[in-house]
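All remarks here apply to the structure that follows.
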Amino acid sequence: MNTAARQKQDPVCAPDNSSEYDIAQPLAGAMIHSLRAFGYDLATALADLIDNSIAANAKNVWLEFYWHGEQSTIAVVDDGKAMSESELLAAMRLGSRSPLDQRDPQDLGRFGLGLKTASFSQVKRLTVGTKQNQAVSVRCWDLDHVTQCGDWRLLKTGSESFVKSELPRLDPLASGTVVFWEAMDRITLQGTDTNSDRAQQQFLQRADQVKAHLAMVFHRFLDPRENVGKTPLKIWLNGNPIEAWDPFLSAEKATQLLTEEAVPLLGSRLTVRPYVLPHHTKLSAEKHRQASGVKGWTAKIARNCRRDGENNRALKAMAVYPVRIWEHSLGRDLTLARRQIKRACRAAMRSIVSAPEK
Ligand SMILES: Nc1ncnc2c1ncn2[C@@H]1O[C@H](COP(=O)(O)OP(=O)(O)OP(=O)(O)O)[C@@H](O)[C@H]1O
Ligand SMILES: [Mg+2]
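Numbering of the sequence shown is given in our numbering, commencing with residue 8 and proceeding in unit increments.
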């Protein structure tokens, strides 16, 4: 409901000139910079843009890293259903949709912020061009301009390089959207020389990190085996397709697929499909490295230990005392496992006896 409609319906919101309130609008210049601190990194920010492309039913997303020293840019182009001009204007607004709105179950968005906050976390100029029904619309947030004017002025044109190089990318598409990042002050520092090989290598390394992250977070959309009967998503990074990262190593012979289980949850049925990953001796060194994911095995194991700790605490609070026994310690000799269970029982008894009476 818009403000005028709400004021008509709701006496609390009616304008009454009674001097009971002040309108405290956020200051554009200050607010837009605070929005830069949302805790994204380059890979998670780009993943938020691709979420939008997927929600728009894109089948292809072309991600381009253009190296021009401090003038480097990044573009995300998709062939999704795109936006009309009024939809684009709404999309560029901060808080374009309420998190309370009902959304399509396939829509990966929730807060109406991602496009803007993800972009501002990395760059100072965000331009979006979109083509729907042969009509092309463009809008641009330039943070320096907003700061200078102290006003939420959304520009109706993009930079010369956007108009010359990026907009034409929509020409061959029936519909699609291009999101263009310039003034990337958090990615390529001011003064970075275009001819610096080292700086260029670092830029390309960041593109590689992005690739690994996208292969992980979008693996279910990218993997043809997960999309039988549908066209899987294709994400291209500087012209090369990104392959899905398979966390379950399901194509490996030594991987065990255990029996699926159905778990009822909040009126729905959740299917759990357990996998046992192969021992590292059954994998090539390269496969073992790939299987470790973006952050490596140590981070993965540390995360599992943290998760076990959290679950243990939650279970103990319900007077359930978990014992974790690894499959390999259940081998021929059960002494170790027996000892572990006895120790856990004693600890549980001690904590029950010493708990204050209610
Ligand atoms: N590539 C795109 N193609 C079509 N529509 C888009 C695209 N990117 C953004 N939009 C539109 O812009 C709106 C705002 O996007 P934004 O990412 O800011 O918020 P959101 O996706 O609604 O929620 P969240 O903050 O959780 O990402 C989207 O809801 C969608 O309607
Ligand atoms: Mg979004």
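C-beta atoms are modelled at their ideal positions from N, C-alpha and C, and glycine is treated no differently.
From a predicted model like this one, the values you see are computed outputs, not experimental measurements.
Residues that residue i bridges to, as DSSP identifies them
i      : result
Glu189 : Arg132
Pro285 : In the DSSP output, where bridge partners are listed per residue, Pro285 has none listed.
Asn67  : Lys241
Cys147 : Thr134 and Leu162
Thr80  : Tyr73
Glu268 : Val279
Asn247 : Leu244
Thr184 : Asp85 and Thr137
Gln263 : Val283
Ala142 : Gln139
Residues of its chain near residue i, where Cβ-Cβ distance is below 7 Å and the 5 sequence neighbours each way are ignored
i      : result
Val287 : Going by the sequence as given, residue 287 is His instead of Val. Closer than 7 Å at Cβ, skipping near neighbours: His295.
Trp69  : Val84 and Trp243
Ala351 : Tyr328 and Val330
Thr199 : Gly76, Glu77 and Ala206
Pro285 : Leu256, Glu259, Ala261 and Thr262
Arg176 : Val84 and Val185
Thr201 : His75 and Gly76
Between the CA atoms of residue j and residue i - distance to the nearest angstrom
i      : j      : result
Leu343 : His40  : 58 Å
Gln139 : Asp178 : 11 Å
Asn247 : Ala52  : 20 Å
Tyr282 : Leu265 : 6 Å
Cys156 : Leu162 : 12 Å
Lys302 : Ala261 : 23 Å
Leu211 : Ile348 : 52 Å
Gln32  : His226 : 42 Å
Ser128 : Met191 : 9 Å
Ser361 : Ala324 : 14 Å
Asn245 : Lys218 : 10 Å
Pro239 : Gly165 : 32 Å
Ala222 : Gln208 : 21 Å
Thr80  : Leu34  : 28 Å
Val48  : Leu122 : Note that residue 48 is Asp in the sequence shown here, rather than Val. Their backbone Cα atoms lie some 14 Å apart in a straight line.
Asn59  : Gly119 : 11 Å
Arg232 : Leu272 : 26 Å
Leu107 : Phe255 : 35 Å
Trp304 : Ser291 : 15 Å
Gln113 : Ala355 : 45 Å
Ser26  : Ser103 : 30 Å
Arg310 : Val279 : 20 Å
Phe45  : Ser126 : 10 Å
Arg345 : Leu337 : 10 Å
Asp149 : Asn67  : 27 Å
Tyr73  : Leu180 : 21 Å
Ile332 : Asp315 : 12 Å
Pro363 : Leu341 : 35 Å
Glu71  : Ile30  : 43 Å
Cys312 : Lys241 : 34 Å
Arg213 : Ala82  : 15 Å
Asn171 : Leu101 : Looking at the sequence itself, residue 171 is Lys, so the reference to Asn does not match. Distance between the alpha carbons of Lys171 and Leu101: 27 Å.
Gln109 : Arg353 : 50 Å
Phe169 : Ser182 : 18 Å
Arg357 : Gly274 : 39 Å
Thr124 : Asp17  : 32 Å
For residue j and residue i, believed in contact at Cβ under 8 Å, the rounded distance
i      : j      : result
Asp151 : Lys131 : 6 Å
Gly36  : Thr154 : 4 Å
Val224 : Ala54  : 5 Å
Arg146 : Met99  : 5 Å
Contacting residues, own chain, Cβ-Cβ under 6 Å from residue i (five flanking each side not counted)
i      : result
Leu137 : Leu is not the amino acid found at residue 137; the sequence shown has Thr there. For Thr137, where only same-chain residues beyond five positions count, the Cβ hits under 6 Å are Ala89, Met90, Leu95, Ser144 and Thr184.
Ala65  : Asp85, Asp86 and Gly87
Ile308 : none
Residue nearest to residue i in terms of C-alpha spacing, selected from the options
i      : options                           : result
Leu196 : Ser291, Gln78 and Ser126          : Gln78
Arg43  : Ala206, Leu133 and Arg346         : Leu133
Ile249 : Arg160, Ala298, Leu229 and Phe255 : Leu229
Gly300 : Leu277, Gln216 and Asn318         : Gln216
Glu167 : Phe45, Leu115, Phe187 and His335  : Phe187
Asp111 : Arg146, Ala97, Ala62 and Gly46    : Ala62
Glu189 : Glu173, Ala181, Gln141 and Asp315 : Glu173
Glu293 : His335, Glu259, Ala214 and Leu101 : Glu259
Val135 : Pro285, Arg320 and Leu56          : Leu56
Glu92  : Leu180, Thr124 and Gln141         : Gln141
Arg193 : Pro175, Asp17, Glu334 and Ala50   : Ala50
Same chain, Cβ closer than 8 Å to residue i, five either side skipped, listed in chain order
i      : result
Ile359 : Ala326
Trp252 : Ala219, Ala222, Met223, His226, Gln297 and Gly300
Arg276 : Ala269 and Val270
Ser203 : Gly76
Gly116 : Asp58, Asn59, Ala62, Arg104 and Arg110
Closer than 7 Å: residue i CB and nearest ligand 4 heavy atom
i     : result
Ser60 : Among the ligands modelled here, namely ligand 1 and ligand 2, ligand 4 does not occur.
8 Å Cβ cutoff, residue i in contact with chain E
i      : result
Ser144 : In the structure shown, chain E cannot be found, because there is only a single protein chain.
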